Every structure is written in structure tokens, then in C-alpha cells.
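J.: Residue numbers (my numbering): 336 to 794.
Note that beta-carbon positions come from the ideal geometry of N, C-alpha and C, so glycine has one too.
Keep in mind that this is a model prediction, so the values were computed, not measured.
1) Whose CA, out of 610, 587 and 547, lies closest to the CA of residue 567?
2) According to DSSP, is residue 428 helix, strand or coil?
3) Within its chain, find whatever has a CB closer than 8 Å to the CB of residue 604; leave out the 5 residues flanking it on each side and keep chain order.
4) Less than 8 Å between the CB atoms is what I'm expecting for residue 370 and residue 434, so what's the real figure, rounded?
5) Would you mind working out which of 427, 517 and 362 sits nearest residue 403, comparing C-alpha positions?
6) With DSSP collapsed to three states, give me the class of residue 574.
7) Among residues of its own chain, excluding the 5 on either side of residue 786, which ones have a beta-carbon nearer than 7 Å to its beta-carbon?
8) Could you check whether residue 562 and residue 542 sit closer than 7 Å to each other, using their CB atoms as the reference points?
9) Where do the N-terminal and C-terminal ends of the alpha helix (DSSP H) with residue 546 fall, by residue?
10) Check whether the Cβ atoms of residue 490 and residue 456 lie closer than 7 Å to each other.
11) Have a look at residue 474 and residue 468 and give me their C-alpha separation to the nearest angstrom.
12) For residue 676, which option in 628, 633, 663 and 459 has the closest C-alpha, if you only look at C-alpha atoms?
13) Below 8 Å on the Cβ atoms is my contact criterion, and I expect residue 784 with residue 389 to pass it. Report the Cβ-Cβ distance as a whole number of Å.
14) Please state whether DSSP places residue 720 in a helix, a strand or coil.
15) Between the alpha carbons of residue 351 and residue 760, how many angstroms are there, rounded?
16) For residue 466, report the span of its beta strand (DSSP E) as first-last.
17) Tell me, please, whether the region 580-599 touches the region 528-541 by the rule of three or more beta-carbon pairs shorter than 8 Å.
18) Name, in chain order, the residues that DSSP records as bridge partners for residue 780.
19) For residue 421 versus residue 381, is the C-beta distance shorter than 7 Å?
20) Measuring alpha carbon to alpha carbon, tell me which of 707, 450 and 650 ends up nearest residue 546.
21) Which residues bound the beta strand (DSSP E) around residue 672?
22) Counting along the chain, where does the beta strand (DSSP E) carrying residue 485 start and finish?
23) Is residue 404 helix, strand or coil when you go by DSSP?
24) Quick check on the DSSP output: the alpha helix (DSSP H) that includes residue 381 runs from which residue to which?
25) Just to confirm, are residue 656 and residue 684 a CB contact at a threshold of 7 Å?
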């Protein structure tokens, strides 16, 4: 198993990695399929299923699908161009993807929200079709958005279980469990970050790796800054007011006061996370960490470390991200990072585990302490449901990221005060998350059919 740090952390757009970025990526893959097809397409159709249907409007899945079919991609997304393209498509019912002829596509008729049973492979399913001049389907593919911007076709998803039985990845440290990770660290004498770096260098140069890591933090940090400066009402109809700017102004005004309470540091952590997730809810540029819904936790903990912890060095940000990616890869490989699959424990829980591990590493923790920090953070998110009100990544998601960051810092601190020995292993915790997600009722897994989503007024 090898998941790159650039698989776990992707530059993209809000509000959702699985519901916005995933469908956009799927549409791009379908365009590639059409470009290689011997058939002449005249029109396009799309149907959204399961969670993509139930919470698709709140997550802008319809918009993402249309723009994806028009050739837009998450990592190069231009909001102004996207608005122009979307307006034109709605007016003309014509779409012109790069490298393909003009195609008929009526958003009102050719994009269907199917509220029936979910597709068999995953809760986030979509079917894309190309039609001929008579309206008959000539090319069709089923895609599943499995969380964090990862997309698989139906065939790829079916084969993914068999992939776990394939030979290990051709990297220096091919750990697939936390137990293997610790054993390899002990045998090699390397940190988790160093092992992860060695694996990454199997596929890219040191300069490419360092530049890529720097780019990730650049986008994360800029997102925090934009979030702390933004104001107004978030889109979607809930009329949620952006709060990060006001909180930041209050905290700035209180700096240096003798009466400042020690627990105010928690407000700084929450501020940084909420700033990111308000930007995400507004459709801004974020980094999946490991998802958009949990995008605030890792950046918040890094900013907390840099701005509030004595001795923090920006040169160690790469080690933080590499360590966090190693833990996130274990969560994805052995359980899930998808709220539609395992609830919010898989999103904010995994993010907190990643952030706790990264912080512990840059604070000088051993591999055992890093693993312990991740376990503590994940353990205390187990069972958390994903029940976004009105299908929007706003309530409870924005504040939940703030609390996830606080838990991550606490987990790292607790672990640093021990020797890494503990009763529950990270592997056991990840397996528990998988089992809990399997047993969790679907109404608590990003469908907005239960929990807060039905007990809080939607307007």
C-alpha cells in the first residue's frame, strides 16, 4: 500500500471533496473516455445516486458535475470562468469540452437526482452517459466518489478488494498497518516522516517533493488568512454567519491583557480551523486534509504550532505533513476517510489523528509516541455521525473542525507525557472505526436523513 502525501492532501475547491471535487474528477475521466471512443457523441447525461443525490444540492454536486463536463478541474479551478461557463450552459443547453465537439446538455433535464436506492458499490455513486443524435446511449460509465477526492469506476471499485492482496508497493518502507510502521521505524532507526519521505522519493525528486509540500502549506495558510478576513452570510439558505473574522478581532484585542484566561488558546485553535471551513463552505480553495469537510484540522494545528509554540520551525512543516499523510494513509487503507461510508469519525476523526501525529512528530516525539497520539485522537472521535443540516458543510461541520483541532493538540500533548505504551493500538482503533461505520445506519452517513439534520430547522 502506497498513498502519496499528494493523494492525502490535494488542492481543490469547497464545499466537499467527495461531493464536489469527486464528481468533477469523475466528469474529467468520462471526457477522457469519450475522447478515446470510436463513437460520435451528440449529448451528455448524468445521474446522481445515494448521498450524492440526497445532499448533492447543498454540496454543489450538480454545479461540480456540469463544470467537470465542461473541462474544469479542482486544482486549476477559476471561479470567474466557472460562473461564465455555467451561465452559458444553462442558457444554451450546449457544452463544449476541450478536445470534443459541442454537445447537447440541458441541466434541467439531463442531470438527474435519483433518490431511490443507492448504487451497489458505494453511497456516493454517479452514472455518466453519452448519447448519439437519436438520444441513444453509446458510452456509459459508473463512478464512485469514495472520499477525499478519490474516484473509482465500478470495475475499479470491485477490484480494489483484490488489490489489498497484491504484492506490497515497491517502496523502501511498504507498511500497511501501524504495527508494521513501528517495526520498520525501529529496525531502520528512522522517524515516520523520514520513512515516508523515502517512499515519496521513489516517485519524485527531492526538489519536487519539497516544492510540493511547500505548495500545500502555502494554500492551507492562505485559506486560514482569507477565512479570518471574510465576512457575511455563507451560501445555501441556512443563513449561517461567518464568525472567524469577529473571533480573530476579539482575540487580537485581548492579546497582552493580564486577565486573559489560559483556555483562550483553545479559541485560537478553533479560529484557525473555522476560518478554513468557512472558506470551504463558501466554495473557496482548500486542501483536502484528508477531506474538505475536515480540511480545517491539520492547517489549524500547524498554524497553532507555528504561532504559539516556542521553538517551532517552518522548516519542519514538511515533516508534519509527511507524518500526517502516513497516518491518513493507514486510515484510508484499513477503514475509510469518507463520511458517506463511515460517518464523521472517518473525516474529522482521521484528520485529528493525522494532526496529532504530525504535531507529536515536530515536537520531538518518538515513533511510538506519534502512533499513540494518533490513536488517542481517533479513539475519541469513534462513533461520530455525519448529519449535515440541509446537506451543507456548515452545521455542525465548521465548529466540529475546531474541536477536532483541540483534541488533536491534547492527544499529542498527552502522548508526549508518556512513553508510547498504551492499551489500545492505532490498528485496533482504525479497525473499530471500520466496524462502527459498517454498522452505522445510513441516515447518519452524509444523507441528512437523521441526527441534527432532522432536529434543527433548515431555514
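T.: Result, derived from the coordinates:
1) Comparing alpha-carbon positions, the option among 610, 587 and 547 lying closest to residue 567 turns out to be 610.
2) coil
3) 635, 636, 639, 737, 740, 741 and 744
4) 5 Å
5) If we check each option's Cα against that of residue 403, 362 comes out closest.
6) Residue state, collapsed to three classes: coil.
7) Spatial neighbours of residue 786 in its own chain (CB-CB distance under 7 Å, excluding positions within 5 residues in sequence) are listed in chain order as 720, 722 and 779.
8) no
9) 541-564
10) Taking C-beta atoms as the reference points, residue 490 and residue 456 fail to come closer than 7 Å.
11) 13 Å
12) 459
13) About 7 Å separates the beta carbons of residue 784 and residue 389, which is inside the 8 Å limit, making them a contact pair.
14) Under the three-state reduction of DSSP, residue 720 is assigned to coil, being neither helix nor strand.
15) Approximately 30 Å, taken between the alpha carbons.
16) 459-466
17) no
18) DSSP output for residue 780 lists 721 as bridge partner(s).
19) no
20) 650
21) No beta strand (DSSP E) holds residue 672; DSSP gives it neither H nor E.
22) Where residue 485 is concerned, the enclosing beta strand (DSSP E) stretches over 485-488.
23) helix
24) Careful: residue 381 lies outside any alpha helix (DSSP H), inside the beta strand (DSSP E) at 378-385.
25) no
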